[in-house]
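Novice: The opening position of the sequence shown corresponds to residue 353 in my numbering, with each subsequent residue numbered one higher.
Quick reminder that beta carbons are idealized off the backbone N, C-alpha and C, glycines included.
The model shown is predicted, which means the values in this text are computed figures rather than measured ones.
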Amino acid sequence: MMTKYLTEDERAAGRRMLYRFQMFNGLGFNFMGATSVYLLAIHFGANNYQLGYISSVIFLTGIILAAVPRLLAGRNLVKVQAAAWFMRGIVILFYLLLFRMEGNAAVYLILIVYTLFSASRMVGMAVWNPLVKMVSNSGERGHVIAQGNILNQSASVIARLISAVVTSFRYFSGITGILLLQVLGVIFNTAAVSRLLKIPCRETVEYTKGRNIFVILKDALKQRGKRYSLLLKWVIISIIVLNGLIVPFLKKEAGFGSNFVFLYSLIMAFAAILSALFARTFADRIGSRPLLIGMSLLLAVSFAVWAMLPVSGKGAGGISLHVYYIIGFFTNFFLLSSNILISRVVVNSMPEDETFSYNAMVNFVTALFSGTAGAVGGLLINLGEMYGRIGFNSYSGLFIFAVLLSLLILFLSYRLEDKGSLSGRETAAILFSFEGLRAYIDIGKMQGAKDPVKKRTVLLSISENEAPAATEELRRILSLPLSASKGEVIKSLFRHPRPALLPELMSEAADSGSYHQLKAIFALGAYAEPDVEKLLLKLLDDRDPAVRSNAAKSLGRIGAEGILGRINDMAENAETVWDRINYLIALKNLDETGAFL
């Protein structure tokens, strides 16, 4: 009987289709999404509150999710998302009415269409986290999320480059070019839907009577493991909403043309790609918590820089465009890296059952946070324009608010439970040390290597690396009784002594049932420690002649005293060639005068 869980082959096929969906979605969304809508709204004279609404409505429409689980109960998850995605493309076509409209009527049409677009998207997004969980396991989830983001943002680079080129032509620099991009977005959005429908799925929307999103929210907030991951999610979305208002800042305050705004968004796409690469490389093995602590602090600094830009409202204030691009790049890198890291812990903390309802709850509360952030952002901009600049520019109040939220992320990150994550010191030893980073990369290569020769080569590199990360990986291998690499690790501890692993090595040498006991006894010859000598002397009385001869050889190497005569007697009674050779090596090292040779 088939269960709702996918087989490994189905998961692999699902991931392939998921990645293709992400690619087409990256093209479609960036032709249809917020940057184009901002430019349309500004073209028709939208005010700051309306721009704040546009920034937040993409999440604000999550309030409709309060009723969705009950209405869609029993429907296939993939089909729900596909239908929602198709609808969001269709509603975009109503923008074409703008050719015959102007003023407030045009602005309200933009707001209504974008609200419908966002509402359809939000229904689909309620499926997204359960879908990712369905096609991945916990050990690769960060990789899957990041890889999808890489493909999505790589496609968005193409979309934004096309947008910048199209709007560079005078004929397409206004509403005509922007609406042309919207139509292209609908085409690619439809292609994304076709890939989405090919993802294997036997899970349905689950709804239990009496388990509405408010009950689920209450239960989740009682659990520490879920509480802080959810708070982090809602705060980071609020910052993303505020970050979206940088587009009108560039257009209205710094005086960017539409093509330069699209160029800015293109550079931000590169930041998103690098953030996904960063998360894919480090998230699953280091953990989200230590990385979030650093990212949130840097994010606060980057928003502080935005707040200090001396922009007059009539142009760039003498600041080169490159400065805006550079600051924006780092801001978005820190912000989007944090978002991926938080998404990872949110998905990992999701319950196995009622995943749709749980995700609907997350997005419902996200709507409340984003709506508040958008309203506060619009208010702060208005205050800056009405009563003079708060700081260095009219948007300084907005950016200072973003700084405070970034510091809140920092505080919540310290409280976050992320099982298996490294400490801050261990993370710093990897990221800020060449040897540590090389060890980290080598460990990743070894874990993914299929060829035994390549695996052995990488293991040799790790064994020669003195970084703490290398030591911990060798300790992990030593703890695995059936590891094929364990013997190589033990031999490496003789060539490259590592005192931190001496307890594990002594334990292996003392274990008469270990397959690698003789190798461990041999490796102890590189450690001239009293405890080592005591153990080796004990092994001289072992029942196994091979153990006795190897213990004698290692005692010779560490220069043990007072056992020369005993070793000589044992050598005379040796029965095998290898035992005799071991005793001769011991005598050579112990008998400095050559009396017994």
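Mind checking who residue 428 pairs with in its DSSP beta bridge?
Specialist: In the sequence shown, the residue the question calls residue 428 occupies position 76. Per DSSP, 556.
Novice: Does DSSP put residue 713 in a helix, a strand or coil?
Specialist: Here residue 713 refers to the residue found at position 361 of the sequence shown. Helix, per DSSP.
Novice: Taking the alpha carbon of residue 551 as the reference point, which residue from 894, 884, 369 and 713 has its own alpha carbon closest?
Specialist: In the sequence shown, the residue the question calls residue 551 occupies position 199. Checking every option, the nearest Cα to that of residue 551 belongs to 369.
Novice: Going by other Cβ atoms of all chains shown within 10 Å of its Cβ, with 16 needed for buried, is residue 560 buried or exposed?
Specialist: In the sequence shown, counting from the first residue as 1, residue 560 sits at position 208. When all chains shown are included, residue 560 counts as exposed.
Novice: With DSSP collapsed to three states, give me the class of residue 466.
Specialist: Here residue 466 refers to the residue found at position 114 when the sequence shown is read from its first residue. Residue state, collapsed to three classes: helix.
Novice: Quick check on this structure: which residue in 625, 658, 464 and 921 has the alpha carbon closest to the alpha carbon of residue 507?
Specialist: Here residue 507 is taken as the residue at index 155 of the sequence shown, counted from 1. Measuring from the Cα of residue 507, the nearest candidate turns out to be 625.
Novice: Can you round the beta-carbon distance between residue 505 and residue 621 to whole angstroms, since I take them to be within the 8 Å contact cut?
Specialist: As a working note, residue 505 is residue 153 in the sequence shown. As a working note, residue 621 is residue 269 in the sequence shown. Right, the Cβ-Cβ distance comes to about 5 Å (below 8 Å), so this counts as a contact.
Novice: Around the Cβ of residue 886, are there at least 16 other Cβ atoms within 10 angstroms (buried) or fewer (exposed)?
Specialist: By one-based count along the sequence shown, residue 886 stands at place 534. By the neighbour-count rule (16 or more Cβ atoms within 10 Å), residue 886 is not buried but exposed.
Novice: Determine the burial state of residue 678: buried for a count of at least 16 other Cβ atoms within 10 Å of its Cβ, exposed for fewer.
Specialist: Indexing the sequence shown from 1 puts residue 678 at position 326. Its Cβ having fewer than 16 others within 10 Å, residue 678 is exposed.
Novice: How close, in whole Å, do the beta carbons of residue 536 and residue 479 come, if the pair is a contact with beta carbons under 8 Å?
Specialist: Here residue 536 corresponds to residue number 184 of the sequence shown, with the count starting at 1. Here residue 479 corresponds to residue number 127 of the sequence shown, with the count starting at 1. About 25 Å separates the two Cβ atoms, so there is no contact after all.
Novice: Can you confirm whether the stretch 929-945 touches the stretch 898-905 when touching is taken to mean that 3 or more C-beta pairs between the two stretches lie within less than 8 Å?
Specialist: Touching, per the Cβ criterion.
Novice: Return the first residue and the last residue of the alpha helix (DSSP H) that residue 542 is part of.
Specialist: By 1-based counting over the sequence shown, the position of residue 542 is 190. From DSSP, the alpha helix (DSSP H) with residue 542 extends over 527-548.
Novice: Could you tell me if residue 643 is buried or exposed, where buried requires 16 or more neighbouring beta carbons within 10 angstroms of its beta carbon?
Specialist: The residue labelled residue 643 in the question sits at position 291 within the sequence shown. Residue 643 is buried by the Cβ-count criterion.
Novice: Kindly indicate the opening and closing residues of the alpha helix (DSSP H) around residue 939.
Specialist: Within the sequence shown, residue 939 is the residue found at index 587, counting from 1. Looking at the DSSP string, the run of the alpha helix (DSSP H) that includes residue 939 is 929-942.
Novice: Go ahead and label residue 402 buried or exposed: buried means 16 or more other beta carbons lie within 10 angstroms of its beta carbon, across all protein chains shown.
Specialist: Here residue 402 refers to the residue found at position 50 when the sequence shown is read from its first residue. With 16 or more Cβ atoms within 10 Å of its Cβ, residue 402 is classed as buried.
Novice: Just curious, the alpha helix (DSSP H) that residue 747 is in, first and last residue?
Specialist: For this step, residue 747 is matched to residue 395 along the sequence shown. Counting along the chain, residue 747 falls outside any alpha helix (DSSP H), and DSSP gives it neither H nor E.
Novice: Considering just the uninterrupted stretch of the alpha helix (DSSP H) at residue 510, what are its terminal residues?
Specialist: Numbered from 1 along the sequence shown, position 158 holds the residue referred to as residue 510. That run of the alpha helix (DSSP H) goes 493-518.
Novice: Is residue 662 helix, strand or coil by DSSP?
Specialist: As a first step, residue 662 is located in the sequence shown; it is residue number 310 there, counting from the start. In this structure, residue 662 counts as coil in the three-state DSSP scheme.
Novice: Please report the residue range of the alpha helix (DSSP H) in which residue 604 lies.
Specialist: Residue numbering aside, residue 604 sits at position 252 when the sequence shown is read from its first letter. Note, residue 604: premise wrong, no alpha helix (DSSP H); not H, not E.
Novice: Could you tell me the boundaries of the alpha helix (DSSP H) in which residue 897 lies?
Specialist: In the sequence shown, residue 897 corresponds to position 545, counting from 1. Note, residue 897: alpha helix (DSSP H), 897-910.
Novice: Alpha carbon to alpha carbon, how far is residue 400 from residue 353? Give it in angstroms, no decimals.
Specialist: In the sequence shown, residue 353 corresponds to position 1, counting from 1. In the sequence shown, residue 400 corresponds to position 48, counting from 1. Reliability fails at residue 353, whose pLDDT of 46 lies under 50, so the model's placement of it is uncertain and the value that follows must be treated cautiously. So the two alpha carbons sit approximately 57 Å from each other.
Novice: Closest to residue 768 by C-alpha separation, out of 486, 703 and 579, would be which residue?
Specialist: Counting from 1 along the sequence shown, the entry for residue 768 is found at position 416. Of the candidates 486, 703 and 579, the one whose C-alpha sits nearest the C-alpha of residue 768 is 579.
Novice: Comparing alpha-carbon positions, which option in 464, 754, 850 and 458 lies nearest residue 598?
Specialist: Taking the first residue of the sequence shown as position 1, residue 598 is located at position 246. Ranking the options by Cα distance to residue 598, first place goes to 754.
Novice: Does the beta-carbon distance from residue 569 to residue 713 come in below 9 Å?
Specialist: On the sequence shown, residue 569 is found 217 positions in, with the first residue counted as 1. On the sequence shown, residue 713 is found 361 positions in, with the first residue counted as 1. It is a contact, given that the beta carbons lie within the stated cut-off.
Novice: So the alpha helix (DSSP H) residue 551 belongs to, where does it begin and stop?
Specialist: What you label residue 551 is simply residue 199 of the sequence shown in a count that begins at 1. Premise fails: residue 551 is in no alpha helix (DSSP H) and is neither H nor E.
Novice: Answer with buried or exposed for residue 660, where buried requires no fewer than 16 other C-beta atoms within 10 angstroms of its C-beta.
Specialist: What you label residue 660 is simply residue 308 of the sequence shown in a count that begins at 1. That one is exposed.
Novice: What do you get for residue 805, buried or exposed, if any count of 16 or more other CB atoms within 10 angstroms of its CB means buried?
Specialist: Counting from one through the sequence shown, the residue named residue 805 turns up at place 453. Residue 805 comes out exposed.
Novice: If residue 548 and residue 437 are in contact, beta carbons under 8 Å, what's the gap, nearest whole angstrom?
Specialist: As a first step, residue 548 is located in the sequence shown; it is residue number 196 there, counting from the start. As a first step, residue 437 is located in the sequence shown; it is residue number 85 there, counting from the start. The pair is a contact, with the Cβ atoms about 6 Å apart (cut-off 8 Å).
Novice: Can the beta-carbon of residue 839 be found closer than 9 Å to that of residue 867?
Specialist: Position 487 of the sequence shown, counted from the start, is the residue given in the question as residue 839. Position 515 of the sequence shown, counted from the start, is the residue given in the question as residue 867. Yes, Cβ-Cβ distance for residue 839 and residue 867 is below 9 Å.
Novice: Residues in the same chain with beta-carbon distance under 7 Å from residue 576, minus the five sequence neighbours each way, listed in chain order, please.
Specialist: Working through the sequence shown from its first residue, we reach residue 576 at position 224. Closer than 7 Å at Cβ, skipping near neighbours: 769.
Novice: Write down the C-beta distance between residue 376 and residue 543 rounded to the nearest angstrom, noting that I regard them as a contact closer than 8 Å.
Specialist: Translated into positions along the sequence shown, residue 376 becomes position 24. Translated into positions along the sequence shown, residue 543 becomes position 191. Going by Cβ atoms, the distance from residue 376 to residue 543 rounds to 4 Å, so yes, they are a contact pair.
Novice: Taking a contact to mean a Cβ-Cβ separation below 9 Å, would you say residue 617 touches residue 387 in this structure?
Specialist: Here residue 617 refers to the residue found at position 265 of the sequence shown. Here residue 387 refers to the residue found at position 35 of the sequence shown. Going by C-beta atoms, residue 617 is nearer than 9 Å to residue 387.
Novice: Alpha helix (DSSP H) containing residue 584: first to last residue?
Specialist: Residue mapping note: residue 584 aligns to position 232 of the sequence shown, counting from 1. Its alpha helix (DSSP H) spans residues 576-596.
Novice: Roughly how many angstroms separate the alpha carbons of residue 431 and residue 545, rounded to a whole number?
Specialist: Translated into the one-based positions of the sequence shown, residue 431 becomes position 79. Translated into the one-based positions of the sequence shown, residue 545 becomes position 193. Those two C-alpha atoms are separated by around 10 Å.
Novice: With the cut-off set at 9 Å, would you say residue 892 and residue 915 are in Cβ contact?
Specialist: Along the sequence shown, one-based indexing puts residue 892 at 540. Along the sequence shown, one-based indexing puts residue 915 at 563. Result yes, Cβ atoms of residue 892 and residue 915 sit closer than 9 Å.
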